[in-house]
Structure formats: C-alpha cells, structure tokens
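Student: Residue numbers (my numbering), protein chains in the order written: chain W, 3 to 591; chain A, 30 to 127.
1. Please tell me whether residue 21 of chain W and residue 294 of chain W are closer than 8 Å, where the distance is taken between their beta carbons.
2. The beta strand (DSSP E) spanning residue 31 of chain A covers which residue range?
3. Put residue 389 of chain W into one of helix, strand or coil per three-state DSSP.
4. Is residue 16 of chain W near residue 584 of chain W, with beta carbons less than 8 Å apart?
5. In angstroms with no decimal places, state the Cα-to-Cα distance between residue 36 of chain A and residue 535 of chain W.
6. Note down the Cα distance separating residue 152 of chain W from residue 305 of chain W, rounded to an integer number of angstroms.
7. Can you find a CB in chain A that lies within less than 8 Å of the CB of residue 531 of chain W?
8. Does the distance from the C-beta atom of residue 506 of chain W to that of residue 481 of chain W stay below 8 Å?
9. For a contact meaning CB atoms closer than 7 Å, what does residue 571 of chain W contact in chain A?
10. Thinking just about the alpha-carbon of each residue, which of A:95, A:89, A:99 is nearest to the one in residue 105 of chain A?
11. On a CA-only basis, which of W:139, W:126, W:586, W:484 is nearest residue 194 of chain W? Give me that one, please.
12. Let's test the definition: count the other Cβ atoms within 10 Å of the Cβ of residue 119 of chain W and tell me whether it reaches 16, buried, or not, exposed.
13. Need the endpoints of the beta strand (DSSP E) that residue 40 of chain A sits in, please.
14. Determine which residues share a DSSP beta bridge with residue 466 of chain W and list them.
15. CB residue 600 of chain W to CB residue 159 of chain W, shorter than 8 Å?
16. Among W:508, W:537, W:503, W:542, which has the Cα closest to the Cα of residue 522 of chain W?
17. Tell me the DSSP secondary structure of residue 323 of chain W in three-state form.
18. Nearest CA to the CA of residue 302 of chain W: which residue from W:65, W:79, W:43, W:563?
19. Between the segment 305-316 of chain W and the segment 388-395 of chain W, are three or more C-beta pairs nearer than 8 Å?
20. Do residue 205 of chain W and residue 23 of chain W have their C-beta atoms closer together than 8 Å?
21. DSSP three-state label for residue 578 of chain W, please.
22. Relative to the alpha-carbon of residue 502 of chain W, which residue among A:121, A:57, A:79 has its alpha-carbon at the smallest distance?
23. Would you give the residue range spanned by the alpha helix (DSSP H) that residue 77 of chain W belongs to?
24. Could you name the residues of the same chain whose beta carbon sits closer than 7 Å to that of residue 322 of chain W, not counting the 5 residues immediately before and after it, in chain order?
25. Which partner residues of residue 72 of chain A appear in the DSSP bridge assignment?
26. Among residues of its own chain, excluding the 5 on either side of residue 247 of chain W, which ones have a beta-carbon nearer than 6 Å to its beta-carbon?
27. Quick one: residues in its chain with C-beta nearer than 8 Å to the C-beta of residue 318 of chain W, no 5 flanking neighbours on either side, listed in chain order?
28. Please report the straight-line C-alpha distance between residue 117 of chain A and residue 546 of chain W, rounded to a whole angstrom.
29. So, is residue 244 of chain W buried or exposed, given that buried needs 16 or more other C-beta atoms within 10 angstroms?
30. Helix or strand or just coil, what does DSSP make of residue 255 of chain W?
31. Below 8 Å, how does it come out for the segment 34-45 of chain W and the segment 182-199 of chain W: are there three or more Cβ pairs, yes or no?
32. Mind pulling the chain W residues with CB within less than 7 Å of residue 46 of chain A?
33. Taking Cβ positions, are residue 61 of chain A and residue 95 of chain A nearer each other than 8 Å?
34. Buried or exposed: which applies to residue 56 of chain W, given that a residue is buried once 16 or more other Cβ atoms fall within 10 Å of its Cβ?
35. Could you check the C-alpha separation between residue 446 of chain W and residue 316 of chain W for me, to the nearest Å?
36. I'd like the span of the alpha helix (DSSP H) that includes residue 500 of chain W, first residue to last.
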C-alpha cells in the first residue's frame, strides 16, 4: 500500500467514525418527536395532535437561532483550528455559546410572556385547544435554551472527536424522553404540558452531560464565561456564516405553507395527506444522507485551514459515494415497501387514500439519489464561504423551484404533478449545481473545480511531502527525509539538521506516548515549505496528547524530556489542536 | 554510524562518525553496556559526529551515569550544532564537555 493509499485509509476510518456519530445523533433526534407524536395520538387524542401541529411552525422558527449559530460557529472554528489559531477559535466557541444561550433565553421569555398571543397567531382558536397549546408551549420553553446550546455544542463535540459521547447522549435523550412520556401519561396524567416538559428535561440532562466533557477533558475548545469574546465582529461573523442555514429553515417553512395551500386549492380529497406522508418519511430518513454530508463539512473546514487540497478532495469523494449509496438503498426500500409505509404513516381505512400515498412514495423516492449532489453541494458552499449563493441555493431547494414547478405540473398532469415535481425539483437543482461548478470552479479537472477554491489554494506538490508511520521502526527514515526536504527548499545545513531533528523528536514523542495502548495507530507527517517557513504538520490517531501542556508540566527529568526540550526550544512555533478525533501539531522551524 | 574504539590501559576513547539517532543509538548503547568493564576514563570524540537526537542523548547519559561510579567521562570536539543541542536540552550541565 503506498503513502497516498495509507493516508486515504486513515481518512476513511476517521470519516466513518464521524459519520456514525452524526447518524446516531440525527436518528435519535428524529425518533424523539415521533415517539412524542405516538404517545400523544394514542393516549391524549386528536386535540393533542392538533396542538403539536399548531406549535410545529414555532418550533421550526425557534430552531433557526441554534442552527444559524451552530453552522456559523462550526465553519469559523474548524478553519481557525486548521490554521492552528486556537485563541481565536476559543473566543468564537465561547461567544457562540453565550450568544446562543442569551438569544434563546430572551426569545423563550418573550414567547412565555406573550404566550396567549402566540397561541392565537399559530391558529389555536378553540378555547380548549387554546389552553392546551399555551401549556404545551410553556413546557417546551423550559428546555428550549438547552436545546439551542446542544445544537451549538454538537459540531464542537464532533471536532473534538467525542463521537461516543455524542452518540451516547443522543440515545440517552431518546430513551429518557420515552420513559418520561410514559411516566407523564400513565402515572402523572400530565397531559400536553407534561409531554413537553418531559422532552425539556431530556434536553437539560443531555446539555449538562455534553457540557461536562468540556470541563473534565483536556479539550481544544475551551469555554470562557466572558463577554470579552462577544464582539460585534465575532457575532457578525457567526451570523454571516450561519445565515444561509437560517434562510434554509425560513424557506422550508414558507415553501411548506405555499405547497399546502396549493394542494388544498386543488380540491382533491386526501391529496394533502398523501403528499404529507412522504414529507414525514423524509424527516425520519434524512439523517442517513445528512450524516456523511455534515461530516464532510466538518472535515472540509479543518482541511481548508490546513491547506490540504488532497484530503479535501478525498473527503468530498467519500461523502458523495456514501450519500449516493444510502439514498440509492433508501430509494429501493421505499419503492418496494411503499404500500406498507403508506399504511404506517397514514391512519386510514380508505383504499384511495392509501393508494395515493403509496403512489406518492414510489414517485417521490426517485428524487432521493439527486439529494446526493444537492445536499453535499449546499452544505459545502458554507464551508468555502460562498454565502450569497448558498442563501440563494437554499431558497431554491425549499421554495424557489419546487413551488412554481408544482404549480405548473398540477395544471398540466393533475394531482400526480405534486409527486413528480419533487423529482423535477431535485434534478433541476442537480443541473444547477453542475453548471455552477463548471462556471465558478477553478482547476483542470471537475474534481478540482468542485473544491470551489482558487487554483492557488493548497501547497504546491513540490513544496509538500507526506510521510506515514505506523510504528517506531517506520519513523527511522523520517529525519533523513526532512533534512533532504529542507535543503531542497533553500535551508542551510544547520537549519535543515534542526528541521530533521525536530521532526524525529516529534515522531518519537508521539510513538512513545501514544502507541503504547496496544492498538494500531498511524502518524501522518506533512513536511511543508511555505515561503521562508519550514513547517511540520503531524496528525495521529492516538489518545488526546497535548504536547504543549505536557511541556509546561515538565520536571527536570533530562532522560525522559530531552526530546521535548529539543522540540519546544528549537521550533519557532508549536500549535496543538485535537480535532476530528486526532492530535494535530503544527510546528514551524 | 561508524564507531572507532581506542583502548589505552584503563582509558577508552570512542570516536563517533556520522549520526547518533534512533537508528544508531542502540549500536553505541551495546558498546557501552558491554565494554566499560575496567575503564576509568572514557572519552567520546565527536569530531566527526554530525547529528545527535534525544535517543543518542539518552545513551550518553547512561554512559555518564555508569562512568560516575567507576571514573570519569569526557565529551570532546563536539561541533557548534551539537553543543547547541546540549544547551537546549540542559545536557551541557550533565556532561563533561571539553
């Protein structure tokens, strides 16, 4: 296996870890509201389901705060960490938590105070429904700030490589929600307030579990409760980077309302319900293809900061392959089991309703493979800060194309136009994507253009050398390679020797301290010549090992720490980050 | 790395030629472990040594500790680059450098 293949293998392993974590987390989040709906529909009845439908748009709008900050902060911090700019990354991290907490508390209090007015606007007019709606909102508001902060913390936990914690807390939240729902229904007879409060309690516990990891562990992202970092510049940057995500949610709400109105105006029985079945299915299965997409975005930010063009291309490729695999499998499953799924999601004895729902599923699922291109592209646009087009693109996904297309198709072919418009929407968006990449991407190949980065991005191949080591024995050649590399790039003999020496000591330190757990590990060393600078970038997949903190705690044990002294005193700069479950060192000699 | 030994009664001079790193340090270590019996004066000649890493420093320290019990050890003819490494790591205070 050559170096590129080994490097790709490490990347694939890291990607799968991140992807699995996102998938478990997203699936758990999808299950919780479904479970709530099930408990409510079975044990509270139609009034409870009605209340949930009324409050749903408010929940979607509330989610915008957390999603905007989540996306903006993640994109900003991942690039800063990739560059080795830890202090600024921590300032953004802390600011995002404070801003998210502040905004969500203020909005929760405002809605709580004007709960009657909000309930009325949402559509709860009948006296009994009105009162239950208020109670449900109050129960939801208790947990809302914590849900916002969970949304913000999630990408940071992924960047810290805390995949197990993320998956565990997601599962615990879901299990807790189910248990508390049962307690509320069967023991406390708490009604809709109890159902909402049960969910809120789950969010509160999850938040503290996740937040504790940033206090207990030696994390790269460090929270400082200080308003110093909450500057207009950082606030503006977070919102600017996250705004497209906010627009996505607004477009989704608006598009949904417009489509519902269009279908209602068509005056065909069961049309809205049949169309809604596929929408419900999509909500549940989205996590399957969003897991690789979100993982790709997290990795992309770090690799953009590291100017690692090859890893960026590889991670894009992995994401596209995985997304296409999952969507293709889903398409096949949905197509085959359409009638059964229609029966599960549409409680009806009317054969016509079930037939329409099954037909809707069978036709609409053909749009799923196009989600591969559309969602990989839409999320990646934010990683490369193409925010204007990202906003436009999100609008097109949820509203800009599908609404007019559906309107035209309903006129031309009747009710089936509703399902076919989904397929047309996604295929048109895919075409828009390909056209945009061809027009705006730079590079000789389509893969280079897909990066949507300048051709000058990244380190030129002649200024970079990657070396993989999987054992102490394999690092023996590293210092010789480093010395030769430095000499090739204009260093004098003394500097070249120092460069080789620091490279050797870094590798020895990592193997001695990180390879001793009995598991297989790899060190990925990138020697980089950037202008006058000679840089060593080392990434390893060992346990978290902060070399700079280790050095600060140095005692006079010359035998043990000679290597560390060489690294710290002979380097101009040493930066450590732990991202995506790996230790990353950027050393300038 | 080439290693040349010169024995003169109870004095031993080991001249190092090349690099003293993770690959070659075991070679010197083997020499020290087996070859210091009866030696009261050990000299490490670094005139032709071009590179030393922490692995090499550990072996030198081991040799120094051994010789502290039975005599003395001296490091001589180290280049400026090698001396710099001794200073950075604090080994200039542990080793007897001429």
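Every residue gets a Cβ at the ideal spot worked out from N, C-alpha and C, and that includes glycine.
Tutor: On the basis of the coordinates in this document:
1. yes
2. 31-37
3. helix
4. yes
5. 47 Å
6. 25 Å
7. no
8. yes
9. 117
10. A:89
11. W:139
12. exposed
13. 40-49
14. W:530
15. This structure cannot settle anything about residue 600 of chain W, because the visible part of chain W is limited to 3 through 591.
16. W:542
17. helix
18. W:79
19. no
20. no
21. strand
22. A:79
23. 48-85
24. 374, 378
25. A:42, A:103
26. 69, 70, 73
27. 298, 302, 378, 382, 449, 452, 453
28. 27 Å
29. buried
30. helix
31. yes
32. Here the premise fails: no neighbours, minimum Cβ distance about 16 Å.
33. yes
34. buried
35. 17 Å
36. 495-516
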